[in-house]
Amino acid sequence: MLDIEAFRKAGYQAVDRICDYYYSLEKRPVASQVQPGYLREALPECAPNQGEDFQTIADDYQKLIIPGLTHWQHPSFFAFFPTASTFEGMIADLYASSTCNPGFNWASSPACTELEAVMMDWAAKMFGLHDHFLNSSGIGGGVIQTTASDSALVSVVAARSLYIRKHPDVKHEDLVFYTTTQTHSLGVKAGLVLGMECRALEVKVEDQFALRGSILKRALEEDKKHGKHPFMIIATVGTTSSGAVDRLSEIGEVVKDHPDVWIHVDAAWAGVTLACPEFRETAQLDNINRYADSFCTNFHKWGLVNFDCSTLWVKNRKYLTDALDITPEFLRTKHGDAGTVIDYRNWHLALGRRFRSLKVWFVLRSYGVEGFRNHIRQGIELSQYFASLIRASPSFELVTEPSFALSVFRVLPSGDSEGSQAVTLELVNELNRSFYSRLSARPDIMLTQTMINGVFCIRFAVGATRTKKEHIDKAWSIIQEEAVAAVQDWTP
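Written out as structure tokens, the structure is:
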């Protein structure tokens, strides 16, 4: 067991090794090269009866754990979406872990609650959110959740609770809420967890896979005709597969005729672009402020704050607390009973919570709003550069228009888009599966696949803090090389 001085020594060594890791990061394979079950084979079947020397434990982290990591901060990581990891966030996490406050109410640690309330207002103002989303408004407010899935689930719970209070005779099985076929699986999972119908509405390629008001209007009318009770729509700014942005203005106007329908806007990845005034129109800021009952974005993706840190704002906090407030006698406090403080346990599903706002505070103070904006702008600029390379090549095509820092593309069988029409979609998909398999086998780059309305394609997401133009050029060279090999091996 470590005493204070042994901890000091171990801490110094850990920081040194973390620094060495980041110095060597670019030379490492992007994806882990281990095989399934490698760690079970390396570890004993049971915990040791006697404590081991800590240096041995620390050395085993280097020897056994690091080889099994996928390096999301690698400058050639273009898969999924970026996961933030800044030194400011690491230090804040260390401080937060050193005090271990569960933060379930104000009295359990006033700083945990008050810093979160202030940081959520800082972030809201940086993004241009309306005053009704501010904690200082006393009406709405913001809370840090674990992930966007939890933010969505909490919003569905609040929306359902509000609807049932207004319509107490409605049966649970008659409730329905909406996503689209491009919405993240968080919507379907929320329906699964809550035992409710989640209906995914079809979106069209000619609409850039965005949900249109006419599609939602038709679904609302159909479901009401069949005795269903729609109570929520989860709209997206920047879907996972294609980066689609749902038409919030149209959705909002349709919902005016259905005032009991809650609008939740999931902008888990793309919402941080709101920090930059030039991207606010594309990211639908005015419509978020006008129509959204709740809005979520993840600082822990593209927003420089280490995992986990999903920020959720609601227009009316009472709808959250009415749905989630459980206050047994042992959790009652003078300030809580008087309503003079926020008790964040009533804003999410769990009781205890981590001191996540410390990471936001450290990051925003260290980078400043302009530094934050420059990080977002750099990612979009690099993404636009990659998209220009795809557009200039007759061997590839963009499957959708690039969205913020995401491009979705595929290789063409004949070297031009016209020639690709001579073969079936199934055969072109087969070629691109082969192409993606070749890319996936490489240790020096990582991308992810997706399927958009039957089209198999590859996603290229920019956003790691260490990615520069030379890494885009290297990725482009690899992509071209593997595309040539895939086409040569392909037999239509």
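Sequential numbering from 38 applies to the sequence shown in my numbering.
Even glycine gets a Cβ: it sits at the ideal position worked out from N, Cα and C.
These numbers were taken from a predicted model, which means no experiment stands behind them.
Query, Result
"When the distance is taken between beta carbons, is Phe-141 closer than 9 Å to Ala-498?", "no"
"Where does Met-127 fall in DSSP's three states?", "helix"
"Given Ala-51, which residues of its chain have a CB within under 8 Å of its CB, disregarding the five upstream and five downstream residues?", "Ala-95"
"Following the continuous beta strand (DSSP E) through Asn-335, name the residue where it begins and the one where it ends.", "331-335"
"How would you label Pro-73, buried or exposed, when you count the other beta carbons within 10 angstroms and need 16 or more for buried?", "exposed"
"Relative to the C-alpha of Val-524, which residue among Ser-471, Met-233, Ala-501 is closest?", "Ser-471"
"Output the boundary residues of the beta strand (DSSP E) element that contains Leu-152.", "Not the beta strand (DSSP E): Leu-152 falls in the alpha helix (DSSP H), residues 147-164."
"Comparing C-alpha positions only, which one of Gln-70, Tyr-98, His-169 sits nearest to Asp-158?", "His-169"
"What are the uninterrupted segments assigned as alpha helix (DSSP H) that are 4 or more residues long and contained completely in the region 206-244, given in chain order?", "223-231"
"Would you kindly work out how many angstroms separate the C-alpha atoms of Val-436 and Tyr-132, rounded to a whole number?", "45 Å"
"Can the beta-carbon of Val-448 be found less than 9 Å from the beta-carbon of Pro-147?", "no"
"Does DSSP put Asn-469 in a helix, a strand or coil?", "helix"
"Do you know whose CA, among Arg-496, Phe-114, Ala-478, Thr-487, lies nearest Lys-511's CA?", "Phe-114"
"Terminal residues of the continuous beta strand (DSSP E) containing Gln-182?", "178-182"
"In three-state DSSP terms, what is Ile-495?", "strand"
"Cutting at 7 Å between CB atoms, please list the residues of its own chain near Val-298, excluding the five before and the five after it.", "Pro-267, Phe-268, Met-269, Ile-270, Val-292"
"Which same chain residues end up closer than 8 Å to His-204 when comparing Cβ atoms and leaving out the 5 residues on each side of it in sequence?", "His-266, Asp-297"
"Across the region 258-265 and the region 307-325, are there enough close Cβ pairs to call them in contact, namely three or more that are closer than 8 Å?", "no"
"Taking the alpha-carbon positions, what's the Ile-83 to Glu-89 distance?", "Residue 83 is actually Cys in this sequence, not Ile. Spanning the two alpha carbons is a distance of roughly 13 Å."
"Quick check on Cys-137: buried or exposed, where buried means 16 or more other Cβ atoms within 10 Å of its Cβ?", "exposed"
"Classify Leu-39 as helix, strand or coil using the three-state DSSP reduction.", "coil"
"Closer than 8 Å is the cut-off here; do at least three beta carbon pairs connect the region 427-446 with the region 486-500?", "yes"
"Go to Thr-93, then tell me how far its beta strand (DSSP E) extends in each direction, as first and last residue.", "Not the beta strand (DSSP E): Thr-93 falls in the alpha helix (DSSP H), residues 91-97."
"Would DSSP call Gln-321 helix, strand or coil?", "coil"
"My output table needs one value for Ile-489: the three-state DSSP class, helix, strand or coil.", "strand"
"If contacts are defined as beta-carbon pairs under 8 Å, then Ala-304 and Gln-245 qualify, I think. What distance do you get, rounded to the angstrom?", "Going by Cβ atoms, the distance from Ala-304 to Gln-245 rounds to 16 Å, so no, they are not a contact pair."
"I need the straight-line Cα distance from Phe-294 to Arg-255, nearest angstrom please.", "Looking at the sequence itself, residue 294 is Asp, so the reference to Phe does not match. So the two alpha carbons sit approximately 13 Å from each other."
"Distance, Cα to Cα, Gly-389 vs Ile-515?", "46 Å"
"May I ask which residues mark the beginning and end of the alpha helix (DSSP H) holding Ser-420?", "394-429"
"If you measure between the beta carbons of Leu-361 and His-385, is that distance less than 9 Å?", "yes"
"Can we say the region 168-187 touches the region 350-366, given the rule of at least three CB pairs closer than 8 Å?", "yes"
"Pull the bridge partners of Glu-434 from the DSSP assignment, please.", "Arg-447"
"Using the C-alpha atoms, what's the distance from Tyr-75 back to Lys-396?", "33 Å"
"Going by the beta-carbon positions, is the gap between Val-400 and Glu-125 smaller than 9 Å?", "yes"
"I believe Leu-248 touches Ile-288 by the beta-carbon criterion, under 8 Å. Please report the beta-carbon distance rounded to the nearest angstrom.", "7 Å"
"Helix, strand or coil: how does DSSP classify Leu-349 here?", "strand"
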